[in-house]
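If you want our numbering, it's the position in the sequence shown, counting the first as 1, plus 14.
Cβ coordinates follow ideal geometry from the N, Cα and C atoms, glycine included.
To start, the structure under review is shown below, and the notes come after it.
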Amino acid sequence: MNPRAIATAWGLPVTAAFVLVPLAVRDRLPEPMATHWGHDGRADGSMPFTGFVAMGLLLWGVPWVVLLVVSGRAHVRRTGRMYWWGTSAS
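Below, the structure is given as C-alpha cells:
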C-alpha cells in the first residue's frame, strides 16, 4: 500500500471524528464554548460551537490535504529522478 493511500485511510476517520464527536455531544456543551484560559484558570476566550468545529477542522484538514498533495507530487518527482539516474548510469 502506498503512503498516500495510508495517509488517506488514516486522515478520513480523524477528520470525521473532528466533526462527528462534537456533533454527538453538542447538547451537553455550553454556548459559547471556552477556548482559552488565563493564568488564573478562568476562561478568557470563547467562540460559538460552529466556530469551534470549523476551527478544529481547518487546523487539521488544511494541513492534511496540503501534505497529501505534496506527497503525491514528491512521488512523481522521485520516480522521474530515479528514471534519469538509471538511464544515465547505463
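Using 7 Å as the threshold, is the C-beta distance between residue 66 and residue 47 below it?
Walking along the sequence shown from the start, residue 66 turns up at place 52. Walking along the sequence shown from the start, residue 47 turns up at place 33. For residue 66 and residue 47, yes; Cβs fall inside 7 Å.
Does DSSP put residue 58 in a helix, a strand or coil?
As a working mapping, residue 58 is identified with position 44 in the sequence shown. Of the three classes helix, strand and coil, the one that applies to residue 58 here is strand, per DSSP.
Have a look at the DSSP bridge pairing and note the partners of residue 50.
Here residue 50 refers to the residue found at position 36 when the sequence shown is read from its first residue. Answer is 59, bridged to residue 50.
Out of curiosity, what's the CA-to-CA distance linking residue 79 and residue 62?
As a working note, residue 79 is residue 65 in the sequence shown. As a working note, residue 62 is residue 48 in the sequence shown. For residue 79 and residue 62, the distance between alpha carbons rounds to 25 Å.
So, at 7 Å on beta carbons, what are the nonlocal neighbours of residue 17 in its own chain, with the 5 sequence-adjacent residues on each side left out?
Along the sequence shown, read from residue 1 onward, the residue named residue 17 stands at position 3. If we look at residue 17 and ignore the five residues flanking it on each side, its Cβ neighbours are 85.
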